[in-house]
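A.B. asks:
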Amino acid sequence: MWPVKEKQRRILSGEKGAIVKDWGGKTSIALVYPNTYDIGMSNLAVHTIYKLFNDHKNIVCERAFLPNSREIAEHQRTKTPILSIETQRPLSDFDIIAFSISFQNDFLNIIPILSLCSIPHRKSERTKDHPMLIAGGCAVTINPRPVTEIFDFIFLGEVEDEIEEIAAKIPSLCKGGSGRVDREISAFSTPSDSPLQRGRRFVTEDLDDWPTQTVIYTPHTEFGNMHLIETGRGCPRKCKFCVTPHLYEPLRMRSFDALFKMVKSGLPNRKRFGLIGSDLLSHKAFFEIVNAIHELGATFSPSSLCVDEIDDEVAKLLAKSGHKSISLGVEAASDHLRTSIGKKFPSKRILEAAESLARHGICSVRLYFMIGLPGETGDDINAIAELSKKIQSAIHKAAPKSVRSTKVTLTITPFVPKPMTTFEDAEFAGEDYLKGAIKTLKKLLGKTSGIEIHAEQIVSSMCDAILSKGDEKLIGFLEKCFETNPRTAIERLLQNNM
Ligand code: SF4
2 MWPVKEKQRR ILSGEKGAIV KDWGGKTSIA LVYPNTYDIG MSNLAVHTIY
52 KLFNDHKNIV CERAFLPNSR EIAEHQRTKT PILSIETQRP LSDFDIIAFS
102 ISFQNDFLNI IPILSLCSIP HRKSERTKDH PMLIAGGCAV TINPRPVTEI
152 FDFIFLGEVE DEIEEIAAKI PSLCKGGSGR VDREISAFST PSDSPLQRGR
202 RFVTEDLDDW PTQTVIYTPH TEFGNMHLIE TGRGCPRKCK FCVTPHLYEP
252 LRMRSFDALF KMVKSGLPNR KRFGLIGSDL LSHKAFFEIV NAIHELGATF
302 SPSSLCVDEI DDEVAKLLAK SGHKSISLGV EAASDHLRTS IGKKFPSKRI
352 LEAAESLARH GICSVRLYFM IGLPGETGDD INAIAELSKK IQSAIHKAAP
402 KSVRSTKVTL TITPFVPKPM TTFEDAEFAG EDYLKGAIKT LKKLLGKTSG
452 IEIHAEQIVS SMCDAILSKG DEKLIGFLEK CFETNPRTAI ERLLQNNM
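Remember, the working numbering sits 1 above the position in the sequence shown when you count from 1.
1) For Ile-217 and Lys-440, what's the separation of their Cα atoms in angstroms?
2) When the Cα atoms are used, what is the spatial distance from Arg-367 to Ala-168?
3) With DSSP as the reference, identify every bridge partner of Gln-214, one or two as the case may be.
4) Under 8 Å, with one C-beta from each stretch per pair, do the stretch 52-60 and the stretch 115-122 reach the 3-pair mark?
5) My output table needs one value for Arg-493: the three-state DSSP class, helix, strand or coil.
6) So the alpha helix (DSSP H) Gly-26 belongs to, where does it begin and stop?
7) Buried or exposed: Asn-497, going by 16 or more other Cβ atoms within 10 Å of its Cβ?
8) Would you mind working out which of Phe-66, Lys-419, Pro-68 and Val-21 sits nearest His-247, comparing C-alpha positions?
9) Which whole-angstrom value describes the C-beta separation of Pro-147 and Phe-100, a residue pair presumed to lie in contact below a C-beta threshold of 8 Å?
10) Could you pull out every residue in the same chain whose Cβ sits closer than 6 Å to the Cβ of Leu-468, ignoring the five residues on either side in sequence?
11) Measuring only the C-alpha atoms, how far is Leu-297 from Pro-4?
12) Would you say the beta carbon of Asp-309 is closer than 7 Å to some non-hydrogen atom of the ligand SF4?
13) Evaluate the contact criterion for the stretch 314-330 versus the stretch 354-364: three or more CB pairs, one atom per stretch, below 8 Å.
14) Verify the contact flag: Pro-246, CB atom, against every heavy atom of the ligand SF4, threshold strictly below 7 Å.
15) How about Arg-238: is its Cβ closer than 7 Å to a heavy atom in the ligand SF4?
16) I'd like to confirm the pairing. Which residues does DSSP put opposite Lys-17 in its beta bridges?
17) Could you check if Cys-139 belongs to the surroundings of the ligand SF4, using beta carbon to heavy atom distance under 7 Å?
18) In chain order, what are the residue ranges of uninterrupted alpha helix (DSSP H) at least 4 long that sit wholly in the stretch 234-300?
19) In terms of residue numbering, what span does the alpha helix (DSSP H) encompassing Met-421 cover?
20) Evaluate contact between the stretch 70-89 and the stretch 132-142, counting only Cβ atoms and requiring at least three cross-stretch pairs below 8 Å.
21) Is the separation between the beta-carbon of Leu-479 and that of Ile-112 shorter than 8 Å?
22) Using alpha carbons as the reference points, say which of Asp-312, Pro-82, Met-2 and Gly-373 lies closest to Leu-282.
23) Would you check whether the ligand SF4 has a heavy atom nearer than 7 Å to the C-beta of Gly-330?
24) Extract the residue ranges of the alpha helix (DSSP H) inside the stretch 355-402, only unbroken runs of 4 or more that lie entirely within it.
25) Here's the rule I'm using: 16 or more other beta-carbon atoms within 10 Å means buried, otherwise exposed. How should Leu-495 be labelled?
26) How close, in whole Å, do the beta carbons of Ile-30 and Asp-94 come, if the pair is a contact with beta carbons under 8 Å?
27) Across which residues does DSSP place Phe-203 in a beta bridge pair?
28) Could you work out which residue in Gly-278, His-228 and Leu-229 is closest to Leu-252 when comparing CA atoms only?
29) Give me the DSSP bridge partner(s) of Ala-99.
30) Where Arg-271 and Thr-300 are concerned, what is the direct C-alpha to C-alpha distance, given to the nearest angstrom?
31) Can you give me the Cβ contacts of Thr-410 inside the same chain, cut-off strictly under 6 Å, excluding the 5 residues immediately before and after it?
32) Could you please give me the residues that DSSP links to Leu-329 through a beta bridge?
33) Does the pairing of the stretch 222-236 with the stretch 321-332 give three or more beta-carbon distances under 8 Å?
34) Per DSSP, Arg-339 forms a beta bridge with which residues?
35) Could you tell me the boundaries of the beta strand (DSSP E) in which Lys-408 lies?
36) Less than 7 Å separating the Cβ of Asp-465 from some heavy atom of the ligand SF4?
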């Protein structure tokens with residue numbers, strides 16, 4: 002166990018803001034993010050829940066993450082369980098293991114984590130001597146059914162307004178010793194169908210009451226140089242493929258005062274602020290907060306900007322914050338397909354945005370496109386290549402003479418139908434079609450200088466499609482993924498052999 006303990010101690014010593022509490026007389030909760038430390042610590046849900054639990058004097062909450070693949074082999078070889086970061090205790094020592102799950106594909110990591118901890122993954126096989134297992138997060142709120150056989154309780158929606166009730170009831174639930182059947186709490190449920198459809202998720206009423214920001218600073222994440230701030234929840238746009246507006250309905254935005262308070266609290270630690278929210282430019286306080294950040298001598302980085310709202314004023318602000326590259330969600334290249342998915346702006350507007358960015362020295366753009374969209378044809382795939390070349394050329398022409406190179410990077414993602422969206426019942430395109438589309442794009446663009454293509458693993462999108470809409474029977478699929486691998490599990494599922 003020693004090398005694993007040492008690693009957790011090293012991580013802890015590099016952090017600022019971690020909370021190490023005495024366990025005496027408290028309910029212990031292991032907050033588990035089912036992916037690696039660098040990914041988990043970039044997720045504001047982890048920071049938020051960690052603080053909410055630890056703010057209670059009767060609760061001690063510590064974090065744990067999925068080891069990377071090399072470390073997993075070492076854990077297995079040495080029979081070392083996963084240990085918490087704060088006090089390096091095995092997860093089986095905790096009263097409760099609380100999974101925060103943001104992405105459907107992280108369902109695949111739950112059984113491996115429990116297996117490394119020698120905790121049976123099916124709730125029916127655990128006894129009252131095992132920790133209670135609970136889950137929350139976007140992924141279970143979108144569709145909890147694939148994991149209902151695993152968790153004792155699943156929390157649907159946003160936790161802030163419920164935390165008092167949860168904190169008050171948790172100790173008696175865990176220490177009652179009367180077995181799992183009696184462990185009930187009104188804020189939890191074990192749903193049998195989509196919480197989005199039935200409106201059974203919890204919603205935090207006033208976000209200004211609850212700051213959502215970086216709590217623990219660590220250099221070991223992609224955003225390690227930033228203080229992250231959530232600007233709001235939801236999106237006013239309602240694109241037909243996107244679950245975000247439904248997941249966070251009603252749309253709520255934090256006030257300037259609440260955002261500024263978070264900026265001031267982060268300033269002693271970081272001079273760069275990551276603004277996290279959908280369609281940030283539609284936030285009524287966007288320009289005010291960005292100007293305030295600049296006046297404080299700091300800079301900002303936006304999580305997402307809608308391409309049709311980018312003009313010279315926005316490009317100038319981005320350049321002032323030191324941006325040399327930016328990501329844009331274009332999704333579809335032909336005007337008719339883009340309109341049909343709810344992105345109602347013409348290609349001409351995308352080119353204007355690219356020119357504005359280039360004029361201010363932002364000459365590297367990452368374009369996000371989806372393939373396999375409902376109604377898509379071969380012409381729409383060809384249009385991705387054509388539009389990308391036009392954007393590359395527009396950037397090249399508008400770039401200041403001092404800029405030596407320009408770059409367009411395409412990230413190609415298969416469309417996955419999500420519950421509650423307009424395209425909920427649309428078909429997932431299938432592996433052969435998607436492979437063909439990627440091959441076409443590589444052929445059309447592969448040798449174009451200044452353009453790069455990255456395509457998401459199709460197997461990963463297939464798993465997402467299965468888990469986003471599947472039911473309780475998918476526990477067999479998750480087990481097969483663990484015993485073999487996702488591709489074999491998908492093949493078995495398609496053969497109806499599980
Ligand atoms: S794709 Fe982006 S702009 Fe469209 S609804 Fe989703 S979050 Fe909003």
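Every residue gets a Cβ at the ideal spot worked out from N, C-alpha and C, and that includes glycine. It should be emphasised that the depicted structure is a prediction, and the values quoted were computed from it without experimental measurement.
C.D. replies: In short:
1) Ile-217 and Lys-440 have their alpha carbons spaced roughly 43 Å apart.
2) Their backbone Cα atoms lie some 43 Å apart in a straight line.
3) Ile-230, per the DSSP bridge assignment.
4) Segments in contact, no.
5) Here Arg-493 carries a helix assignment [DSSP, helix/strand/coil].
6) First-last for Gly-26: undefined, no H or E at that position.
7) Around the C-beta of Asn-497, fewer than 16 other C-beta atoms lie within 10 Å, and the residue is accordingly described as exposed.
8) Distances from the alpha-carbon of His-247 to those of Phe-66, Lys-419, Pro-68 and Val-21 put Lys-419 closest.
9) A Cβ-Cβ separation of about 13 Å leaves Pro-147 out of contact with Phe-100 under the 8 Å criterion.
10) If we look at Leu-468 and ignore the five residues flanking it on each side, its Cβ neighbours are Gln-105, Phe-108 and Pro-147.
11) So the two alpha carbons sit approximately 43 Å from each other.
12) In terms of side-chain proximity, the C-beta atom of Asp-309 is found no nearer than 7 Å to any non-hydrogen atom of the ligand SF4.
13) The stretch 314-330 makes contact with the stretch 354-364: 3 or more CB pairs, one atom from each, lie closer than 8 Å.
14) At least one heavy atom of the ligand SF4 lies closer than 7 Å to the C-beta of Pro-246.
15) Checking every heavy atom of the ligand SF4 against the Cβ of Arg-238, one is found closer than 7 Å.
16) DSSP lists Tyr-218 as partners of Lys-17.
17) At a cut-off of 7 Å, the beta-carbon of Cys-139 does not count as near the ligand SF4: no heavy atom of the ligand is closer than that.
18) Taking only runs of at least 4 residues, the alpha helix (DSSP H) segments lying wholly in the stretch 234-300 are 245-248, 257-267 and 287-296.
19) For Met-421, there is no enclosing alpha helix (DSSP H), as DSSP gives it neither H nor E.
20) Short answer: they don't touch.
21) With contacts defined by Cβ atoms closer than 8 Å, Leu-479 and Ile-112 form a contacting pair.
22) Taking only the C-alpha atoms, the option nearest Leu-282 is Asp-312.
23) Taking 7 Å as the cut-off, one finds at least one heavy atom of the ligand SF4 near enough to the beta carbon of Gly-330.
24) List check, alpha helix (DSSP H) in window: 379-399.
25) Exposed, by the Cβ-count rule.
26) With 8 Å as the limit, Ile-30 and Asp-94 do not qualify as a contact, their Cβ atoms being about 11 Å apart.
27) Beta-bridge pairing links Phe-203 to Gly-158.
28) Considering only alpha carbons, the answer is Gly-278.
29) Answer by DSSP bridge pairing, in chain order: Leu-32 and Ile-135.
30) Computed Cα separation, rounded: 10 Å.
31) Apart from the 5 residues on each side of it in sequence, Thr-410 sits with its Cβ closer than 6 Å to the Cβ of Arg-367 and Glu-453 in its chain, given in chain order.
32) The beta-bridge partner set that DSSP reports for Leu-329 consists of Leu-368.
33) They do not touch, by the three-pair rule.
34) The partner list for Arg-339 (beta bridge, DSSP) is empty, contrary to what the question assumes.
35) From DSSP, the beta strand (DSSP E) with Lys-408 extends over 408-415.
36) No, the beta carbon of Asp-465 sits no closer than 7 Å to any heavy atom of the ligand SF4.
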